[in-house]
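Some notes on the structure that comes next.
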Amino acid sequence: MHTELPTPAPLAPGAMRVVPLGGLGEIGRNMTVFEFDGKLLIVDCGVLFPEEHQPGVDLILPDFGPIRDRLDDVVGLVLTHGHEDHIGGVPYLLRERGNIPVIGSKLTLALLAPKLKEHRLKDVPMHVVSENDVESFGPFECEFVAVNHSIPDALAVAIKTAAGVALHTGDFKMDQLPLDGRITDLRAFARLGEAGVDLFLTDSTNAEVPGFTTAEKSITPAIDAVFARSKKRIIVASFASHIHRVQQVLDAAVKHNRKVAYVGRSMVRNMQIARELGYLNVPDGVVVDKIDAAPPEQMVLMSTGSQGEPMAALSRIANRTHPQVHLEPGDTVLLASSLIPGNENAIYRVIDGLTKLGANVVHKGNALVHVSGHASAGELLYCYNIVQPSNVMPVHGEIRHLHSNAELARQTGVPNTIIAEDGYAVDLVDGHASIVGAYDVGFVYVDGSSIGDVTDSDLKDRRTLAAEGFISVIAVIDSATGKIVSGPEIHARGLAEDDSVFDAIQPKVVSALEEALADGARDTEALQQVMRRVVGSFAGRRLRRRPLIIPIVLEA
Numbered sequence: 090m091h092t093e094l095p096t097p098a099p100l101a102p103g104a105m106r107v108v109p110l111g112g113l114g115e116i117g118r119n120m121t122v123f124e125f126d127g128k129l130l131i132v133d134c135g136v137l138f139p140e141e142h143q144p145g146v147d148l149i150l151p152d153f154g155p156i157r158d159r160l161d162d163v164v165g166l167v168l169t170h171g172h173e174d175h176i177g178g179v180p181y182l183l184r185e186r187g188n189i190p191v192i193g194s195k196l197t198l199a200l201l202a203p204k205l206k207e208h209r210l211k212d213v214p215m216h217v218v219s220e221n222d223v224e225s226f227g228p229f230e231c232e233f234v235a236v237n238h239s240i241p242d243a244l245a246v247a248i249k250t251a252a253g254v255a256l257h258t259g260d261f262k263m264d265q266l267p268l269d270g271r272i273t274d275l276r277a278f279a280r281l282g283e284a285g286v287d288l289f290l291t292d293s294t295n296a297e298v299p300g301f302t303t304a305e306k307s308i309t310p311a312i313d314a315v316f317a318r319s320k321k322r323i324i325v326a327s328f329a330s331h332i333h334r335v336q337q338v339l340d341a342a343v344k345h346n347r348k349v350a351y352v353g354r355s356m357v358r359n360m361q362i363a364r365e366l367g368y369l370n371v372p373d374g375v376v377v378d379k380i381d382a383a384p385p386e387q388m389v390l391m392s393t394g395s396q397g398e399p400m401a402a403l404s405r406i407a408n409r410t411h412p413q414v415h416l417e418p419g420d421t422v423l424l425a426s427s428l429i430p431g432n433e434n435a436i437y438r439v440i441d442g443l444t445k446l447g448a449n450v451v452h453k454g455n456a457l458v459h460v461s462g463h464a465s466a467g468e469l470l471y472c473y474n475i476v477q478p479s480n481v482m483p484v485h486g487e488i489r490h491l492h493s494n495a496e497l498a499r500q501t502g503v504p505n506t507i508i509a510e511d512g513y514a515v516d517l518v519d520g521h522a523s524i525v526g527a528y529d530v531g532f533v534y535v536d537g538s539s540i541g542d543v544t545d546s547d548l549k550d551r552r553t554l555a556a557e558g559f560i561s562v563i564a565v566i567d568s569a570t571g572k573i574v575s576g577p578e579i580h581a582r583g584l585a586e587d588d589s590v591f592d593a594i595q596p597k598v599v600s601a602l603e604e605a606l607a608d609g610a611r612d613t614e615a616l617q618q619v620m621r622r623v624v625g626s627f628a629g630r631r632l633r634r635r636p637l638i639i640p641i642v643l644e645a
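Residue numbers (this note's numbering): 90 to 645.
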């Protein structure tokens with residue numbers, strides 16, 4: 090993948106190495122490995138959700154390849170917060186070594202626990218930390234800093250070694266009036282900056298967006314307005330982890346005398362966890378178990394599926410396949426989320442489906458019903474001026490986001506900015522960070538029960554099947570005489586034409602096979618290639634298609 094860069098040499102004594110294994114060049118599967126004195130510390134291990142050009146894939150994981158033979162050197166896995174793109178890959182890593190200590194805030198580890206249970210992972214060492222805590226894991230001293238994000242209990246982490254200090258923000262923004270009153274601790278950022286931050290790894294998601302991210306409180310009036318004008322049932326779709334948004338919906342429901350029911354397994358589970366741990370304040374009597382516990386004009390359904398995920402509750406409601414929720418004309422659907430890049434088409438399909446069923450759909454495009462969880466350019470500039478790091482390495486973002494973030498750092502006078510990609514090794518030596526090589530990493534696809542077995546070539550075949558169809562060609566050869574005993578039979582699937590269209594090509598396949606057999610060819614693979622070539626040429630010329638061709642030669 091990075092042929093222009095050599096494989097990194099072993100780390101020099103006294104140096105610290107940083108290797109991102111996911112999250113640079115995409116929004117998702119965030120994972121960064123820090124190495125010092127023969128030990129490894131991992132920050133985050135998330136998943137990426139597949140796009141339309143990755144058919145059949147369930148999840149995409151970071152590539153554990155570069156550390157797979159060094160898992161015994163891992164002293165800890167630090168989780169910055171409880172979103173899927175930061176914790177979703179943890180069970181897959183723990184399946185390879187189950188006793189890696191997992192470090193995170195109370196809520197983050199509580200959201201991880203059911204995932205570990207689903208994967209039948211027991212006795213995983215869990216280490217709860219809070220802001221201002223300082224803990225050592227092997228040669229790494231970690232100081233945890235409160236940051237504000239679209240999920241409570243998010244943490245940045247300052248990683249201190251003899252080689253220097255790296256400050257990883259995780260996902261963050263600088264909402265000055267957060268719903269839970271927990272602001273990003275810029276005083277801690279300033280204190281760390283005074284002491285000296287050698288490498289600052291910053292969230293790049295909104296680096297292209299000028300100014301400051303809108304405060305969560307500013308959308309309360311918009312949600313309130315939706316509740317005020319809705320005459321029938323209201324369905325609110327959000328991330329199952331967006332506790333702040335659910336809190337706003339609960340508060341609006343109380344104000345407008347409505348009951349709230351959760352729809353979707355992950356929504357029910359996460360809100361129960363949030364309530365038990367005190368992160369969600371549920372007024373008495375507002376949450377009910379049944380979706381029809383009150384008349385439609387007094388009900389709110391809090392649902393998953395804000396990204397158009399095909400199996401989530403909202404998509405099934407839009408497709409009329411949800412077993413319990415049936416949309417009625419006049420119902421209001423509120424999509425209280427942003428559009429994750431790559432999900433736009435799926436989301437608009439769901440919006441169209443809901444609209445067709447008579448729903449009034451309110452979304453970010455026509456109302457202020459969502460704000461981002463990530464710092465915009467103005468906030469990032471503040472951070473660079475406060476921390477004054479020696480080196481900046483933008484993380485968490487697509488390529489354009491990383492470049493925009495690096496440019497912001499340069500504008501504030503940061504001496505050295507590093508644009509890295511997944512697999513790059515960045516060494517911090519004597520206070521200077523530089524790229525020293527790259528490991529060969531790629532996407533690891535989870536497809537059903539298979540992990541990493543699906544290749545890019547398989548996905549190409551799936552796309553071909555979807556777009557072009559496939560043709561099978563079967564012939565039986567007498568291995569002793571070298572004669573065609575049966576066939577070739579040609580069948581197609583996914584093509585508009587009937588199988589009779591191949592009557593014209595059948596004699597040509599026979600003669601090409603006979604010619605190859607006469608020349609002494611007996612290798613079934615070579616004979617299959619002969620059939621593929623003839624049929625492929627015909628399909629391209631006559632049908633104007635490039636289908637997947639599966640030739641089979643059997644020996645009698």
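No residue lacks a Cβ here, since even glycine has one placed at the ideal position from N, Cα and C.
Judged by DSSP secondary structure, Thr197 falls outside any beta strand (DSSP E) and instead within the alpha helix (DSSP H) spanning 195-207. In this structure, the beta-carbon distance from Gly462 to Ala402 does not fall below 7 Å. Assignment of Met356 by DSSP, reduced to helix, strand and coil, places it in the helix class. In the displayed model, Gly282 falls within a helix according to three-state DSSP.
CA-to-CA, the gap between Pro384 and Arg358 works out to about 25 Å.
With contacts defined as CB atoms closer than 7 Å, Ser465 and Thr302 qualify as a contacting pair. The alpha-carbon separation between Ser404 and Val439 amounts to approximately 6 Å. Val476 is positioned such that its CB atom lies closer than 7 Å to that of Phe289.
Just measuring C-alpha positions, the residue of Leu517, Gly135, Leu150 sitting nearest Phe123 is Leu517.
Following the DSSP letters along the chain, one finds Glu230 in no alpha helix (DSSP H) but inside the beta strand (DSSP E) bounded by residues 229-235. When secondary structure is reduced to three states using DSSP, Tyr351 falls in the strand class.
In the structure shown, Ser568 falls within a coil segment according to DSSP collapsed to helix, strand and coil. Non-local beta-carbon contacts of Leu470 in its own chain, meaning distances under 8 Å to residues more than five positions away in sequence, involve Leu497, Gln500, Thr501 in chain order. If you draw a straight line from the Cα of Tyr513 to the Cα of Tyr528, it is about 6 Å long.
Following the DSSP letters along the chain, one finds His216 inside the beta strand (DSSP E) bounded by residues 215-217. Here the alpha carbons of Lys306 and Ile324 stand approximately 21 Å from one another.
Distance check between Ile594 and each of Thr444, Arg621, His175 places Arg621 closest, using alpha-carbon atoms only.
With a beta-carbon spacing of about 6 Å, Thr250 and Pro228 fall inside the 8 Å limit used to define contacts. DSSP places Val460 in the coil class of the three-state scheme, outside both helix and strand. Under the 8 Å Cβ criterion, the segment 245-263 counts as touching the segment 160-178, having at least three qualifying pairs. The residues Val562, Gln617, Met620, Arg621, in chain order, have a CB closer than 6 Å to that of Pro640 in the same chain once the five nearest residues on each side in sequence are set aside. Counting only unbroken stretches of 4 or more residues, the alpha helix (DSSP H) elements lying wholly within the segment 295-364 are 309-318, 332-344, in sequence order. Fewer than three pairs of CB atoms, one per stretch, sit closer than 8 Å, so the segment 272-291 makes no contact with the segment 372-391. Shown here, Arg582 sits in a strand according to DSSP, grouped into three states. Rounded to whole angstroms, Gly282 and Met482 show a C-alpha spacing of 16 Å. DSSP places Tyr368 outside any alpha helix (DSSP H), giving it a letter other than H or E. No residue range can be given for Lys211, since it is assigned to no beta strand (DSSP E) and is classified by DSSP as neither H nor E.
In this structure, the beta-carbon distance from Val163 to Ile192 does not fall below 7 Å. By the neighbour-count definition (other C-beta atoms within 10 Å, threshold 16), Asn474 is an exposed residue.
Under the three-state reduction of DSSP output, Ile560 falls in the strand class. The residues Val122, Phe123, Ile156, Arg159, Asp162, Val163, Val164, in chain order, have a CB closer than 8 Å to that of Leu129 in the same chain once the five nearest residues on each side in sequence are set aside. With a cutoff of 7 Å on beta-carbon distance, Ala605 and Val623 are scored as not near each other. The Cβ-Cβ distance between Pro478 and Val286 falls below 7 Å. With three or more CB-CB distances shorter than 8 Å, the segment 444-452 counts as touching the segment 409-421.
Rounded to the nearest whole angstrom, the CA to CA distance from Val389 to Asn346 is 10 Å.
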